[in-house]
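Q: By the count of my numbering, the sequence shown reaches residue 457 at its end, each step adding exactly one. Every residue, glycine too, gets a C-beta built ideally from N, C-alpha and C. Pasting a structure here, questions to come.
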Amino acid sequence: MNSVILFFIDGLGIGTNQQSNPFFDLPGAEPLAHFRGVSSDLPFDGVVARTDPRLGVDGRPQSASGQTTILTGVNAPKYLGKHKQGFPNEALRGLINEKSLFLQLKQKGIEDSIFANAYTPKFFSETPRWKSATTCAVEAAGIQFRRFSDLLGKKALFHDFTNRWLIENGFDIPLLTAQDAAKTLASLSEDHRFVLYEHFITDKIGHAQDFTAARAHLPILAEFVRDTVSRIDLSTTTFILTSDHGNIEDLSIRTHTLNDVPTIVWGRNRHQIAQKIKDLTDITPSVLSLLADE
Ligand SMILES: [Zn+2]
């Protein structure tokens with residue numbers, strides 16, 4: 164059975180080869196390091212598609228509208244007339260409720276989708292005031308959110324995949340290596356047709372312009388990606404890594420960048436898929452075509 168892993172990294176763009184780019188001269192950052200005009204050989208025969216997050220709308224690309232676009236296939240900034248930061252407003256929530264990728268998969272008979280991120284107990288005990296585009300997209304299809312019990316049972320990952328954030332915030336949860344996390348993510352794709360995983364520390368580091376944190380974090384994140392790809396069956400599984408906008412690749416500014424983002428495709432049908440991806444509206448149709456073509 165074919166499967167897809169969609170690995171969403173918040174705030175990862177294609178930067179230039181200069182000092183304000185934490186990827187510059189950083190060992191171990193492949194396959195996340197991309198520079199304008201420089202083509203890189205990706206491990207496991209991955210293919211990069213330069214992806215436009217600006218979507219024909221003025222202003223800096225933002226998370227709510229970019230993520231809504233990735234998770235619906237609809238040009239959300241154009242729909243709203245602007246890029247929307249943070250969390251989806253009512254209009255975007257309406258769009259997600261109607262067009263969530265999870266819902267579109269369900270309508271095509273693919274019921275077996277999961278959002279791999281585990282939520283803290285607070286999410287279940289209190290109604291969150293603000294919900295991310297991803298949370299809305301999962302809710303729209305009535306898919307269950309993963310809990311700490313799933314995290315402990317190796318059936319989910321925290322957004323900070325090593326659990327460091329949880330441990331620093333007082334939770335009694337084991338610290339994981341990038342390989343431990345990769346094992347879990349890879350195994351989820353054996354049990355489920357579609358797996359979404361979201362990581363957003365990259366965007367936080369970008370806003371903080373924290374060069375030291377970026378240089379420490381990016382090689383571990385890259386290792387997590389490489390190790391996951393190494394563990395999946397690339398003849399049946401497609402691994403798609405993408406982002407909603409640039410940020411961490413240029414720490415000279417505290418805002419998002421106007422750069423393209425890298426969409427990297429490994430595994431089954433990678434060339435056909437990478438060729439079709441030009442902007443963020445192309446992600447949802449790609450996932451649908453990969454899973455509904457049998
Ligand atoms: Zn941001």
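1) Out of curiosity, what's the CA-to-CA distance linking glutamate 289 and glycine 174?
2) Under 8 angstroms, do phenylalanine 170 and valine 428 count as touching if we go by C-beta distance?
3) Can you list, in chain order, the residues of its chain with a C-beta nearer than 7 angstroms to that of leucine 470? Leave out the 5 residues immediately preceding and following it.
4) Which class does proline 425 belong to by DSSP, given the choice of helix, strand or coil?
5) Less than 8 angstroms between the CB atoms is what I'm expecting for histidine 197 and proline 224, so what's the real figure, rounded?
6) Throw me the rounded Cβ distance for the lysine 318 and arginine 309 pair, which I believe falls under 8 angstroms.
7) Confirm the yes/no value for this check: CB of serine 295, any heavy atom of ligand 1, distance under 7 angstroms.
8) Excluding the five sequence neighbours on either side, which residues of its own chain have a C-beta within less than 6 angstroms of the C-beta of threonine 391, listed in chain order?
9) Where does isoleucine 446 sit, in a helix, a strand or coil, going by DSSP?
10) Pick from Asn180, Leu414, Lys439, Arg417: whose alpha carbon is nearest that of threonine 426?
11) In its own chain, which residues sit with a C-beta less than 6 angstroms from the C-beta of leucine 404, not counting the 5 before and 5 after it?
12) Going by Cα to Cα distance, which pick from Arg292, Asn280, Ala296, Glu353 is closest to leucine 314?
13) Mind checking whether alanine 192 and alanine 385 have CB atoms under 8 angstroms apart?
14) In angstroms with no decimal places, state the Cα-to-Cα distance between isoleucine 364 and histidine 322.
15) Run the Cβ filter for me: residues under 6 angstroms from any heavy atom of ligand 1, listed in the order they occur in the chain.
16) The beta strand (DSSP E) spanning tyrosine 360 covers which residue range?
17) Just to confirm the assignment: which complete alpha helix (DSSP H) runs, minimum length 4, are found wholly within the stretch 253 to 305?
A: Well, looking at it:
1) Taking the straight line from one Cα to the other gives about 28 angstroms.
2) In this structure, valine 428 does not lie closer than 8 angstroms to phenylalanine 170 by Cβ.
3) In the structure displayed, the chain extends from 164 to 457; residue 470 sits before or after that span and is not available.
4) Strand at proline 425.
5) At roughly 17 angstroms, the Cβ-Cβ gap does not stay under 8 angstroms, so histidine 197 and proline 224 are not in contact.
6) Confirmed, Cβ separation roughly 7 angstroms.
7) No, the beta carbon of serine 295 sits no closer than 7 angstroms to any heavy atom of ligand 1.
8) Counting only Cβ-Cβ distances below 6 angstroms, and skipping sequence neighbours, we find Ala345, Leu348, Ala349.
9) Here isoleucine 446 sits in helix by DSSP.
10) Minimum Cα distance to threonine 426 is reached at Lys439.
11) Only Phe170, Ile427 meet the Cβ criterion.
12) Nearest to leucine 314 by C-alpha distance, out of Arg292, Asn280, Ala296, Glu353, is Asn280.
13) For alanine 192 and alanine 385, yes; Cβs fall inside 8 angstroms.
14) In this structure, the alpha-carbon of isoleucine 364 lies about 8 angstroms from that of histidine 322.
15) Per the Cβ criterion, the list is Gly174, Ser226, Asp366, His370, Asn410, His419.
16) Where tyrosine 360 is concerned, the enclosing beta strand (DSSP E) stretches over 357 to 362.
17) Within the stretch 253 to 305, the complete alpha helix (DSSP H) runs of at least 4 residues are 253 to 262, 264 to 270, 284 to 288, 296 to 303.
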